[in-house]
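Take a look at the structure set out below.
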Amino acid sequence: MLDFSEVESFLDNHPDLFEDYLLRKGKASAVQKWLKLQHQTKAPAAPPTPISEEKPITASKECWTTRGDGLQRRPSQKELRKTFARSKALTVNRTYDEHVNSRDKEPLSSMRRRALLRKASSLPPTTAHILSALLESRVNIPQYASRAIDYKYEVKDTNEREFFLELVKDISNDLDLTSLSYKILIFVCILVDADRCSLFLVEGTANKKTLVSKFFDVHAGTTVLPSSSVENSNEVQVPWGKGIIGYVAEHGETVNIPDTYQDSRFKDEIDKLTGYKTKSLLCMPIRNSDGEIISVAQAINKNPGGAPFTEDDEKVLGMYLPFCGIAISNAQLFAASRKEYDRSRALLEVVNDLFEEQTDLEKIVRTIMHRAQTLLKCERCSVLLLEDIESPVVKFTKSFELLSPKCSADAESSLKDSIEKSLYSDWLINNSIAELVASTGLPVNIGDAYQDPRFDAEADQISGFHIRSVLCVPIWNSTHQIIGVAQVLNRIDGKPFDDADQRLFEAFVIFCGLGINNTIMYNQVKKSWAKQSVALDVLSYHATCLKSEVDKFKAANIPIVTELAIDKFHFNDFSLDMDGMITAALRMFMELGMVQKFKIDYETLCRWLLTVRKNYRTVPYHNWRHAFNVSQCMFAMLTTAGFHEILTDTEVLGLMVGCLCHDLDHRGTNNAFQAKSGSALAQLYGTSATLELHHFNHAVMILQSEGHNIFASLSSGEYSDIMQLLKQSILATDLTLYFELCRYVSTEMPANGNVYCHCRSMLMTACDLGAVTKPWEISRQVAELVTSEFFEQGDRERAELKLIPSAIFDRNRKDELPSLQLEWIDGICLPLYEALVRVNPKLKPMLNGITGNRSKWEEMHQKGQMSQEGSDTSSCSVSAVKADTNA
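Under the numbering used here, the final residue of the sequence shown carries the number 891; numbering is consecutive throughout.
Here it is in structure tokens:
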């Protein structure tokens, strides 16, 4: 038995709860009776409970206002009627607030409601159940409802004609489809006095129609489709012909069910999910001016208590819904015209972009992709350019990709592994869909990628990005040649790309082709100028060696290896003079058998070595002495460590020539400086491995000069192989390539002893860093030269580029260098030499050397101060390679 004293006590302690109940259930007569009693007893009324601004205007605020004398005014009959009309409208559309607030923050009323529920949980079960029901039925409605609905209820009670015209006028002026749908929801509830209402719009083509609701409400008699669009846009889809709503949309009939659970078409899944009981239901189609069904309206549970809907309700809705059909058609036409306007404006903006930017290929492609992605509302957009437009074999050489902000965040977490990234990149460049479009010139539009045999599902799964739909079109240049393809992936709303999307994308791609073509032509002109500038610079500085020099070394007596000590890992880098290094280099070629095996003309070899020496500039560190010392380190590895017994003769020759040529025409500044200063080298070779590419091309230029081709006796096949090996060897001195090999260094190399043929790049890196393994005094002397060169670059950065140089280039921050040196040794050098020692234990002296030098740097770091000598030597080989490779 319910104990009303406990309920009364609880309500006394919680006036907010009483106010909630009064606004929902109180009748005007009861309120008047209560006010009359209050007046008779002359008892002062308690002030209304303060209400948050987020709550709707309540009766307590409108009906009881305090006068200046402290007494309270009794509300008029009109005010009471208005107050309870609003109370009646509170439950018209529970869903709109849940739909909006769930995406932002929880409304204050919901927080208070949960707090009261927790308090009510201490009461007896029956009482708690009653209070819970009261609280859960309380909802917020937007300000539109709190003002406009009151007026419509008043007009409905006084003038039905004016009321009907008011409803028609209100929707006829609204061209926003979402806002219009919400108004129709409310007005249908008012017209037939329904507790709930839902509205579904017909979307899709004739063969694949669906019903879509802009607001999620308690829908009776429907089966909700699990769709990605629900996740992306909070819309709810109902399949065509399914449930009561689908039945009405398909057959165009009115369905009026007094007891839904007795109708076989009714599905109670939503009722079970929400706990809301659907009793009566009225569902009617909405047609346009041509008689086509464009929407379906459904009213649920006629008040009071889910009474059946009457024939009068059907007639009223039958008169009102045609106006809704006109309003919806107008809103859809307006949306379509606005969409076309936006697309046309976007195309004009692309044209404007083409005139503003004609120099940067990546910038113009990304600008166009950004506009296409924004307008097509897709998750990814990419452009792939062909390597050779004349070749019958389709091969892409460059790709650009743009992700939506949401996908960028997802990709950052899902594509962490470098292997997965490279696999996805491989799919992006080499997928069969793009190749098909490039070879046929025909667009491909795939609505469901996993159902298409051309789609590589395995790569999709490995990449961590799920591809649903693909639209890929060819890119043409001004001469109607295909220069690449453009593709977009996954519409954000989950739907496939339609014909309008394809037409728009093809229009974008036309401008994309024009922009790419113009930019490529500009870059070709710019590269031609840069090439000419570099050639003139080289010619003005360099020259081939003199004949007298060649004759001198041709007749010279070359010391043996033991006299020169060039087979030792602790070789003194400063033990030979300029001519001595030439004779030592000749001895290395002869000792390795290169002269005999490849039939190298001895005079040509002398001339080539002297010209290579002459083509090194007189910079402090990256000069001829450094090149010779790198080649001596390689010679010691090949002979003392026995690598020449594992590598082929061609590989040995390529490594030796690569060491001598790896820094040809070095300017004493690194790749980053070339890029920042916009030098001719950066314009000619780009900003990746700028100097390394220049060193290789300079080596080729010397080899092709008359009387310098030491590879003249090789066959065409051998010549091609040796040139490829030479390029790989020189590019291997770019540390960015070494960083890509770090995973190989730490995993695969120790697991397999027979990996010498895969170590050429690592051997080049180890030789380039060789100064860090030499005895401390030698390493210190090398470091002085490195620091001098780096500080000169830092001074140029400060003076010419107006930049603050980093620590290793800033002579004002030399005290920070010991810690930088330790980081360099621990992060790069030690892992490299440790891996090589695991492959070949004979290299242990090099590892011991670097370990000893590390102790010296650690000692300097621990002291916390440096002498002038230590200060000048603190950058050592770390800075040399780091600067040389733009690490």
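For glycine and all other residues, C-beta sits at the position ideal for the given N, C-alpha and C. The model shown is predicted, which means the values in this text are computed figures rather than measured ones.
Between which two residues does the beta strand (DSSP E) containing residue i stretch?
i: N449; result: V448 to I450
i: P478; result: V474 to W480
i: K281; result: Where K281 is concerned, there is no enclosing beta strand (DSSP E), given that its DSSP letter is neither H nor E.
i: K213; result: K212 to S217
i: L407; result: F400 to L407
Would a C-beta distance cut-off of 8 Å place residue i and residue j closer than the cut-off?
i: N481; j: L365; result: no
i: L840; j: L847; result: yes
i: L493; j: V513; result: no
i: L767; j: L659; result: yes
i: L285; j: L195; result: no
i: T608; j: D725; result: no
i: K558; j: Y606; result: yes
i: I486; j: A442; result: yes
i: V623; j: E788; result: no
i: E736; j: T691; result: Residue identity differs from the one stated: residue 736 is Ala in this sequence, not Glu. It is not a contact, given that the beta carbons lie outside the stated cut-off.
i: L826; j: E781; result: no
i: V355; j: F515; result: yes
i: L2; j: V616; result: An answer regarding residue 2 cannot be provided, because it is not within the stretch 5 to 891 covered by the chain.
i: E796; j: S681; result: no
i: R291; j: G329; result: yes
Only counting the same chain, and skipping five residues up and downstream in sequence, which positions put a Cβ closer than 6 Å to that of residue i?
i: N171; result: Reading the sequence as shown, one finds Leu at residue 171 and not Asn. Closer than 6 Å at Cβ, skipping near neighbours: F191.
i: A335; result: L179, L181 and L184
i: F22; result: L15
i: Q636; result: I570 and F575
i: N633; result: D577
i: V882; result: Low confidence applies here, because V882 scores a pLDDT of 41, under 50, leaving its location unreliable; read the following figure in that light. Closer than 6 Å at the Cβ level, and outside the excluded window around V882, lie Q825 and W828.
From this set, the options, which residue's C-alpha is nearest residue i's C-alpha?
i: L695; options: E788, F575, S720 and K731; result: K731
i: G309; options: V554, L550, D197 and V448; result: D197
i: K399; options: R472, V489, Q336 and S386; result: V489
i: H698; options: I330, G711, H712 and S683; result: S683
i: T643; options: K281, I393 and F573; result: F573
i: R897; options: Q485, R495 and A787; result: In the structure displayed, the chain extends from 5 to 891; residue 897 sits before or after that span and is not available.
i: R200; options: I175, G208, F313 and F168; result: F313
i: K551; options: D346, N713 and L614; result: L614
i: T401; options: L407, L390 and S395; result: L390
i: I175; options: Y186, E166 and R165; result: Y186
i: A331; options: K343, I714, I298 and Y265; result: I298
i: T282; options: T264, E296, N292 and V704; result: T264
i: G908; options: D555, A787, V477 and A547; result: In this structure the chain extends from 5 to 891, so residue 908 is not present and cannot be described.
i: N844; options: I812, E649 and G295; result: E649
i: P2; options: G445, Q241 and C763; result: The requested residue 2 does not occur in the structure, where the chain is confined to residues 5 to 891.
i: Q377; options: R347, E394, S403 and D392; result: R347
i: M585; options: E567, N674 and P289; result: E567
i: G672; options: G662, R621 and M705; result: R621
i: V790; options: L807, D814, K806 and R802; result: D814
i: S717; options: A703, H626 and M598; result: M598
i: A775; options: P822, G721 and N857; result: N857
i: K860; options: E166, P779, V786 and K806; result: P779
i: K499; options: K276, T214, I524 and R764; result: T214
i: G711; options: S436, T548, F204 and K603; result: T548
The alpha helix (DSSP H) spanning residue i covers which residue range?
i: L184; result: L181 to V196
i: C665; result: D653 to C665
i: V252; result: G247 to H255
i: V634; result: W628 to T643
i: E607; result: Y606 to K618
Tell me the DSSP bridge mates of residue i?
i: N260; result: L286
i: R921; result: Because the chain in this structure spans residues 5 to 891, residue 921 falls outside the shown range and cannot be described.
i: C382; result: R495
i: F327; result: None; F327 has no bridge partner.
i: A736; result: A736 is not bridged to any residue.
i: L205; result: V216 and S299
Identify, in the order they occur along the chain, each residue of the same chain with its Cβ nearer than 8 Å to the Cβ of residue i, setting aside the five sequence neighbours on each side.
i: E254; result: W244 and G245
i: Y837; result: A770, T777, L847, M850, L851 and I854
Relative to the ligand SAH, is the shortest distance from any of its heavy atoms to the C-beta of residue i smaller than 7 Å?
i: I471; result: For the ligand SAH, the structure offers nothing, since it holds no ligand at all.
With a threshold of 7 Å on Cβ separation, who are the neighbours of residue i within its own chain once the five nearest residues in sequence on each side are excluded?
i: A350; result: R375 and L379
i: V538; result: A684, L685 and L688
i: K601; result: D653
i: N305; result: A198, D199, R200, T282, K283 and S284
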